[in-house]
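**Q** Those sequence lines, one after another, are chains R and E. Just so we're aligned: the first sequence equals residues 147 to 565 in my numbering. Just so we're aligned: the second sequence equals residues 147 to 565 in my numbering.
Number of protein chains: 2
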Amino acid sequence: MRQSKLLSKTRKEGPKDEVSKNANLLIRAGYLSKEMAGVYSYLPLGLRVMNNIESIIRDEMNKIGGTEMKTSIIQNKEVWEKSNRWDDSVVDNWFKTKLKNGGEVGLSFTNEEAYANILRQYISSYKDLPIYPYDFKSIFRNEARSKSGILRGREFYWKALYSFSKDENEHNEFYEKAKEAYKNVFQRAGIGDLTHLTFASGGSFSKFSHEFQAITDAGEDTIYIDEKSGIVVNKEVYTEEVLKGLGLKKEELVEKKAIEVGNIFSLGTRFSEPFDLKYKNEKGEEKLVIMGSYGIGLGRLMGTVVEILSDDKGIVWPVSIAPFKVHIVEITSSNTKVKETAEKLYDTLVKNGIEVLYDDREARAGEKFNDSDLIGIPMRIVVSDKGLEKGEFEVKLRKDGEIFSLKEENICDFINEYK
Amino acid sequence: MRQSKLLSKTRKEGPKDEVSKNANLLIRAGYLSKEMAGVYSYLPLGLRVMNNIESIIRDEMNKIGGTEMKTSIIQNKEVWEKSNRWDDSVVDNWFKTKLKNGGEVGLSFTNEEAYANILRQYISSYKDLPIYPYDFKSIFRNEARSKSGILRGREFYWKALYSFSKDENEHNEFYEKAKEAYKNVFQRAGIGDLTHLTFASGGSFSKFSHEFQAITDAGEDTIYIDEKSGIVVNKEVYTEEVLKGLGLKKEELVEKKAIEVGNIFSLGTRFSEPFDLKYKNEKGEEKLVIMGSYGIGLGRLMGTVVEILSDDKGIVWPVSIAPFKVHIVEITSSNTKVKETAEKLYDTLVKNGIEVLYDDREARAGEKFNDSDLIGIPMRIVVSDKGLEKGEFEVKLRKDGEIFSLKEENICDFINEYK
């Protein structure tokens, strides 16, 4: 894509009311536009990153047997009354609105009820189970304060998968698979080494839930890491009893700030009971379905990558979710060969299926380099007068500044091999 | 995909309160789940159709220079006050809701304001124009009645593109390109021959807008077709003056019911004025940007295809948007070779990149055929005892019942060639 057609431009300053590093950088670099606190529009650059994250998650969910669907955002009051979560005294961050012809409706703040209500139409026999439907959708939470950029939005885009299993064994087997799939997602998104499977509070049906916590000072959560065993617990279950149960010693734990980038939760029959979600087993006996929930906020994951991997010059994307793999920066010159060379290189990369942003604007070299650093595309190729003399292209990595000199005929292979 | 893992099942009857043919068939066949009047969830089958429609539209928008982004659903009151469309006395189908910490917000019912407000951050020079951003997103309209299934929802999924041009000439040039792109969309979605470019009412800035009207008795609109010239007008501009201006004679026009599946609209400076959306031309003079809007409701298009192409047995999908291209129906048999053959055929098609639904359920043949007709996948291959004897597969077209007998080695080529 040509940068002159990108729609967004970089900005020297983020909005005055934007205190989070993630949204500040993403707005300055042209990924996001702020609509209000906790509400952002995704500009073309931002949507490309979100689409890449979505593809990774979809791939991992499909690999463990997930089936994608799309539930409505408008939620039926009657459905939520069944599980006793409609009332504002029970759930305090609903967005609700009124129908023209009377009656109140809600905006999805989570999906358990919608799924239990839909699935009970289709589950009747053991042959219908297990099943693992999931959704990518916009979720709405009426947060009183919203200061963490896209880490905690009033409107955000998430993936939620729900498991419907015949019994605890079948549930536990899937739960373990989901753990692995989640690890893969964070590994592929570039923050695997900093992201820890963490014991967190459970509910009536399981002692613990599990969170995936990515270590960064920007995190709202506090976790305790046992570096020997690799066991990590969230502050909410950091009690004598839990530590003892997990074989941990307080004095050996390291306290860290972290962002919860995913969570998985055993729901037992919490929702199948009120929704009368039952199946007949092979003996013809009626049994309640066992449910689990598995969520990832895509914006939060994107924001976490920005918090963790950016440097003082701007964003540093991992190749897997970068909006483009290569940034061609043409240094405006009176020598027409510069533009010709840049255009030819751009065509070659595009023809080879490489995602490339081409800075074809007329602007000063310093401005272009600053913009390129801020936007954070993994590989930069500068086309300038000076470069032409050498007869080689210089590929510079955004991550660590390493430079590779390459002949024209080797450049596509080099780029394709870089992960 | 195996039908046993599909999640949905067919139903003999739609919901009692569902009076529209499109939603009734789509619910019975397992594409949709009804949440309330005008609000539907898309089950895996339904999402596959929507994704296919989305891909066609995206492709056509990108071909005419579109740039995809994703604007927020939550809308800022202050933004809509600028164009004087916040007040319920001006727009009577808003959904509005309240923030926890005070203040009212709306849910997107259209996108002009959001786009004008975002683009004014990035448009300053003639070099920034023209630009054609677009969005796929959920849109909310507080309809008093909602009886047309997915033809007119309270929540629906649409594509909206907005054009930002330097002047009327540049605008008109793009407007004509958009007409062609829209024609391509409806042609590719299988209703091109029945869909007419139609003169409809304009606004302060253009005499007419243009609608794409698909002829069907299920339509809420009335159009008048001049079969000689191919000129079509909507009832709202069916006046002596307009007919005269277009060289039409009342007595030569044929009246038809139709569904508006798309519309394109010249907005002039209606939004660039209140949003102060200006650019500097080459002489350094400030000029207002000229806008246009181009919408397609994806659910409405899907519903229209169902209204137009279904028959008394069920839905008939065109290949381009069908959830699967092939439906393998295995007739349950004590002869183990039947299942073996069906499994092998399924594997072969999947390996060849063909989208296939495989009815691997234990059920009566009649039930399976009825389900298959109802679901409406373009090609059906029955694997049964009887078929095995012949040593050939029979491919039956859902559209017209035509049957082709094929040897195993030719079947993938035959399927791939069928459009």
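Glycine included, each C-beta is placed from N, C-alpha and C at the ideal position. Fair warning: this is a prediction, and the values are worked out from it, not measured in the lab.
Distance cutoff 8 angstroms, beta carbons only. Does E476/R sit that close to anything in chain E?
**A** Not an interface residue.
**Q** Ignoring anything shorter than 3 residues or poking outside the stretch 465-504 of chain E, list the beta strand (DSSP E) runs there in chain order.
**A** You should have 472-476.
**Q** Would you mind sorting G408/E into buried or exposed? The rule is 16 or more other CB atoms within 10 Å of its CB.
**A** G408/E should be labelled buried.
**Q** For D281/E and K305/E, which I take to be in contact (beta-carbon distance under 8 angstroms), what is that distance rounded to the nearest angstrom?
**A** Their Cβ separation, rounded to whole angstroms, is 7 angstroms, which keeps D281/E and K305/E in contact under 8 angstroms.
**Q** Of all the residues that make up the stretch 148-166 of chain E, which are near chain R by a beta-carbon distance shorter than 9 angstroms?
**A** Answer set for the stretch 148-166 of chain E: S150, K151, L152, L153, S154, K155, R157.
**Q** Out of T362/E, S309/E, I296/E, E357/E, which has the shortest C-alpha to C-alpha gap to I269/E?
**A** Among T362/E, S309/E, I296/E, E357/E, the Cα nearest to that of I269/E belongs to S309/E.
**Q** Measure from the alpha carbon of N263/E to the alpha carbon of each residue in S235/E, E224/E, S284/E, then state which is nearest.
**A** Taking only the C-alpha atoms, the option nearest N263/E is E224/E.
**Q** Mark K162/E as exposed unless 16 or more other C-beta atoms lie within 10 angstroms of its C-beta, in which case mark it buried.
**A** Flag for K162/E reads exposed.
**Q** Ends of the alpha helix (DSSP H) at D458/E?
**A** Taken as a continuous stretch (DSSP letters only), D458/E belongs to no alpha helix (DSSP H), as it is neither H nor E.
**Q** Ignoring anything shorter than 3 residues, give me the beta strand (DSSP E) runs that lie fully in the stretch 305-375 of chain R, in order along the chain.
**A** Entirely contained in the stretch 305-375 of chain R, the beta strand (DSSP E) runs reaching 3 residues are, in chain order, 341-347, 354-361, 367-372.
**Q** For W226/R, I'd like the list of residues in its chain whose CB is within less than 7 angstroms of its CB, leaving aside the five on either flank, ordered along the chain.
**A** So the list reads W232, G252, E259, once near-sequence residues are dropped.
**Q** Over the uninterrupted alpha helix (DSSP H) stretch that includes R204/R, give me the two end residues.
**A** Note, R204/R: alpha helix (DSSP H), 190-209.
**Q** Residues bridged to V251/R by DSSP?
**A** Answer is N222/R, T243/R, bridged to V251/R.
**Q** Take G111/E as the anchor and find which of I219/E, K216/E, E453/E has the nearest alpha-carbon.
**A** This structure leaves residue 111/E out entirely; chain E is present only between 147 and 565.
**Q** Who are the near neighbours of A324/E in its chain, counting only those whose CB is closer than 8 angstroms to its CB and skipping five residues on each side?
**A** Result list for A324/E: I210, L307, S309, I410, G438, Y440, in chain order.
**Q** According to DSSP, T385/R sits in a beta bridge with which residue or residues?
**A** T385/R pairs with nothing; no bridge assigned.
**Q** Taking CB distances under 8 angstroms as the criterion, tell me whether A509/E reaches chain R.
**A** No, its Cβ sits nowhere closer than 8 angstroms to a Cβ of chain R.
**Q** Would I405/E pass as a contact of Q359/E if the rule is Cβ separation under 8 angstroms?
**A** Against a cut-off of 8 angstroms, the Cβ pair of Q359/E and I405/E comes out as a contact.
**Q** Measure how close the beta-carbons of D372/R and L340/R come, nearest whole angstrom, since I'm counting them as under 8 angstroms.
**A** Their Cβ separation, rounded to whole angstroms, is 16 angstroms, which puts D372/R and L340/R out of contact at 8 angstroms.
**Q** Are any of the Cβ atoms in chain E nearer than 8 angstroms to that of K497/R?
**A** Not closer than 8 angstroms to any Cβ of chain E, the Cβ of K497/R fails to qualify, so no.
**Q** Under a Cβ-count criterion, where at least 16 other Cβ atoms within 10 Å of its own Cβ denotes burial, should G449/R be classed as buried or exposed?
**A** The residue in question, G449/R, is buried, as its Cβ has 16 or more Cβ neighbours within 10 Å.
**Q** Taking only beta-carbon atoms, is N288/E less than 8 angstroms away from chain R?
**A** True, the Cβ-Cβ gap to chain R drops below 8 angstroms.
**Q** Consult DSSP for S166/E and reduce its assignment to one of helix, strand or coil.
**A** Three-state DSSP puts S166/E in coil, outside helix and strand.
**Q** Any Cβ of chain R within less than 8 angstroms of the Cβ of E501/E?
**A** False, the Cβ-Cβ gap to chain R never drops below 8 angstroms.
**Q** When the Cα of K433/R is compared with those of K312/R, V496/R, V383/R, S350/R, which residue comes out closest?
**A** Comparing Cα positions, the closest option is K312/R.
**Q** Am I right that P420/E and S229/E are in contact with their C-beta atoms under 8 angstroms? What's the rounded C-beta distance?
**A** So it is a contact: roughly 5 angstroms between Cβ atoms.
**Q** Does T217/E pass the burial test, meaning 16 or more other C-beta atoms within 10 Å, or should it be called exposed?
**A** Looking at its Cβ environment, which holds 16 or more other Cβ atoms inside 10 Å, T217/E is buried.
**Q** For R567/R, list the residues DSSP reports as bridge partners.
**A** Past the edges of chain R, shown from 147 to 565, lies residue 567/R, and the structure says nothing about it.
**Q** Should K242/R be flagged as near chain E, meaning a C-beta pair shorter than 8 angstroms?
**A** Cβ-Cβ to chain E under 8 angstroms: yes for K242/R.
**Q** Please state the DSSP three-state secondary structure of G408/R.
**A** Here G408/R sits in strand by DSSP.
**Q** Going by DSSP, what residue range makes up the alpha helix (DSSP H) through E259/E?
**A** Segment 258-265, the alpha helix (DSSP H) holding E259/E.
**Q** Would you tell me roughly how many angstroms separate the C-alpha atoms of L193/R and E214/E, rounded to the nearest one?
**A** The alpha-carbon atoms of L193/R and E214/E are separated by roughly 8 angstroms.
**Q** Grouping DSSP H, G and I as helix and E and B as strand, with all else coil, what is Y272/R?
**A** Helix at Y272/R.
**Q** At a CB-CB cut-off below 8 angstroms, which residues of chain R make contact with R300/E?
**A** Here the neighbours are I220, L245.
**Q** How is the alpha helix (DSSP H) around K514/R delimited, first residue to last?
**A** Run containing K514/R: 511-521, per the alpha helix (DSSP H) assignment.
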